[in-house]
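**Student:** Quick one: this structure, given as structure tokens, is what I'll be asking you about.
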Amino acid sequence: MKPTVTMRGTVGALLRKELLVELRTLESIPGMSLFAVSTFVVFHFALNRNSIEGDTAAGILWVTLLFAAILGINRLFVADAEQGGFDGFLLAPVDRSAMLIAKALTLLVYLVVLELVAVPAFALLLLAAPLGPALPHLLVTLLLGDIGVAVIGTLVAALAVQTRARDLLGPLLALPLLVPIVIGGARASAPALNVVHASGPPARWLLTLGLYDLVFGLIAYALFDFLLED
Amino acid sequence: MAALEVEGLARHYGEREALSGVSLSLHEGGTLVVFGPNGAGKTTLLRVLATLLRPHAGEVRVLGSSIPNEAWAVRGRVGLLGHEPLLYRELSARENLRFHARLHGVDSTRVEELLESLNMSTRGDEPLRTLSRGMVQRVAVARAVLHDPELLLLDEPHSNLDPAAVELVAPLIGRASKRTRVICSHDPSGGLVDADLVLGLRGGRPVLLRAASEVDTAEIAELYR
């Protein structure tokens, strides 16, 4: 018997479940947001500067978002591993890639909510340039970065959760793979974070982010079934 | 037609042999009861039959399909009730069952039917973590039979259930369900009443395989000594 439930239906069921569990437990999003805001407060005082701009601002924003994302990545499969969610899913006649898509979408939602909190906090605490004119440019860059973080984060989390040292292994595997996204994201968003706002994001960095997302999307699609198998 | 055909099944975890040389055949609608002390390989056998673990040697056919090559053909036709309920603690019984119903393409009216038949309708919206173990086990039974599976794999299915709850689940997972069943049990008298075929495991190896009518409780008790 081939899978009887459509991919869309399966992804919908999984995504709904993920968001419902997060809504009940509040284990990921509040922690990620609080971490990001706390980090900006620390930078505000540690740099001893009232405001930053350009490359420095972009670097601080992206590195902070990366480390906040790691918190979410580490928790992504914990409920499934601890409460038998993997087995329940594997017993169903559904396409296993649905879990990759649903988990990546879940992480994407976490990142978007994180940024809804973190970016205004960043602008308030550190940014010299006004956020308004930079916003369209920044949103495009953040979205491309988020897609990459969501795909790589899901792949790494699925691998790490099978091990006893998952809390350590997750960040160790994720950080090197996510560094190109931080570099691309920071370079692409730096012009927007200057006091004198440049024309638009550098196309080559946006292209780099897009290609990186695509390559890891394909790798994750090819590998994910094997990670779930015995 | 045989619902289960196993020939020379072996499975190990690293160096440790969990199952070795297991061979059996079970007809459709029949009940195999597996006895054996803790660590004998009963749960591993169930997980192989459920397609969650790959056999490392031997031939395994479940509902006519070879495992693991045709595992996709078996999924959705098997109901597993193990030590873990395979339910999310933060979700209610109703939310958990609706989630599994969607994964199996089952209508949500079936969820309500099952909650009703297990006397769980009124507690169906409470988070699972607030329910007693017996109630969680009832919900786990509902999850295992939600998609009307042809084969039930039951690991000590009555654990945590009071006598009234055992009666409630009987139409779903008992002989009356008319499904093919593999049951892991530590209860010689209760298990033998249920069984058509008895398998005794010790250290992952089969030490007893006979029709239930030819086995007495003393032989089962011997497995645990």
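Chains as they are written, first to last, in the numbering used here: chain A, 3 to 232; chain G, 273 to 497. Glycine residues also receive a C-beta, built at the ideal position from the N, C-alpha and C atoms. Keep in mind that this is a model prediction, so the values were computed, not measured.
For Val-43/A, collect the residues of the same chain with a Cβ closer than 8 Å to its Cβ; drop the 5 residues on either side in sequence, then sort them by chain order.
**Tutor:** Leu-127
**Student:** Going along chain A in order, which residues have a C-beta closer than 8 Å to the C-beta of Leu-352/G?
**Tutor:** Asp-89 and Leu-93
**Student:** Relative to the C-alpha of Thr-12/A, which candidate in Val-96/A, Leu-22/A, Leu-110/A and Gly-147/A has its C-alpha closest?
**Tutor:** Val-96/A
**Student:** If the criterion is Cβ atoms closer than 8 Å, does the pair Leu-481/G and Leu-495/G meet it?
**Tutor:** no
**Student:** Taking CB distances under 8 Å as the criterion, tell me whether Thr-12/A reaches chain G.
**Tutor:** yes
**Student:** Assess, as a yes-or-no matter, whether the stretch 21 to 40 of chain A is touched by the stretch 112 to 130 of chain A under the definition of 3 or more beta carbon pairs within less than 8 Å.
**Tutor:** yes
**Student:** From the DSSP output, read off the bridge partner residues of His-284/G.
**Tutor:** Glu-289/G
**Student:** Give the C-beta separation of Leu-146/A and Leu-229/A to the nearest angstrom, bearing in mind that I take them to be a contact with Cβ-Cβ under 8 Å.
**Tutor:** Incorrect: roughly 25 Å between the Cβ atoms, too far for contact.
**Student:** Is the CB-CB distance between Ala-290/G and Leu-423/G below 8 Å?
**Tutor:** no
**Student:** So, is the C-beta of Tyr-285/G closer than 8 Å to a C-beta in chain A?
**Tutor:** no
**Student:** If you run the structure through DSSP and keep just helix, strand and coil, what is Leu-175/A?
**Tutor:** helix
**Student:** Count the other CB atoms within 10 Å of the CB of Pro-203/A; is the residue buried (16 or more) or exposed (fewer)?
**Tutor:** Pro-203/A is buried by the Cβ-count criterion.
**Student:** Is there a Cβ from chain A that is less than 8 Å from the Cβ of Ala-322/G?
**Tutor:** yes
**Student:** In this structure, does DSSP put Asp-148/A in helix, strand or coil?
**Tutor:** helix
**Student:** Taking buried to mean at least 16 other C-beta atoms within 10 Å of its own C-beta, is Asn-76/A buried or exposed?
**Tutor:** When all chains shown are included, Asn-76/A counts as buried.
**Student:** Please state the DSSP three-state secondary structure of Pro-478/G.
**Tutor:** strand
**Student:** Beta carbon of Gly-280/G, beta carbon of Val-7/A: below 8 Å?
**Tutor:** no
**Student:** For a quick check, are the C-beta atoms of Thr-478/G and Gly-86/A less than 8 Å apart?
**Tutor:** Note on residue identity: the sequence assigns Pro, not Thr, to residue 478/G. In this structure, Gly-86/A does not lie closer than 8 Å to Pro-478/G by Cβ.
**Student:** What's the C-alpha gap between Ala-192/A and Tyr-214/A?
**Tutor:** Distance between the alpha carbons of Ala-192/A and Tyr-214/A is about 19 Å.
**Student:** Where does Leu-143/A sit, in a helix, a strand or coil, going by DSSP?
**Tutor:** Position check: residue 143/A holds Thr in this sequence, whereas Leu was assumed. Of the three classes helix, strand and coil, the one that applies to Thr-143/A here is helix, per DSSP.
**Student:** Work out the CA separation of Ala-282/G and Arg-288/G for me, nearest whole Å.
**Tutor:** 11 Å
**Student:** Quick check: does the Cβ of Ala-15/A come within less than 7 Å of any heavy atom belonging to the ligand GTP?
**Tutor:** In the structure on display, the ligand GTP does not appear, and there are no ligands present to speak of.
**Student:** What is the DSSP secondary structure of Leu-471/G, reduced to helix, strand or coil?
**Tutor:** Note: Leu-471/G maps to strand in three-state DSSP.
**Student:** Hey, quick one: how far does the alpha helix (DSSP H) through Asp-427/G stretch, first residue to last?
**Tutor:** Not the alpha helix (DSSP H): Asp-427/G falls in the beta strand (DSSP E), residues 423 to 427.
**Student:** Would you say Gly-212/A reaches chain G, if we count a Cβ-Cβ gap shorter than 8 Å as a contact?
**Tutor:** no
**Student:** Report yes or no: do the stretch 398 to 411 of chain G and the stretch 329 to 340 of chain G share at least 3 C-beta pairs separated by less than 8 Å?
**Tutor:** no
**Student:** With a cut-off of 8 Å, does the C-beta of Arg-77/A fall near any C-beta of chain B?
**Tutor:** Protein chains A and G are contained in the structure displayed, whereas chain B is not.
**Student:** Tell whether a beta-carbon distance below 8 Å holds between Lys-314/G and Val-306/G.
**Tutor:** yes
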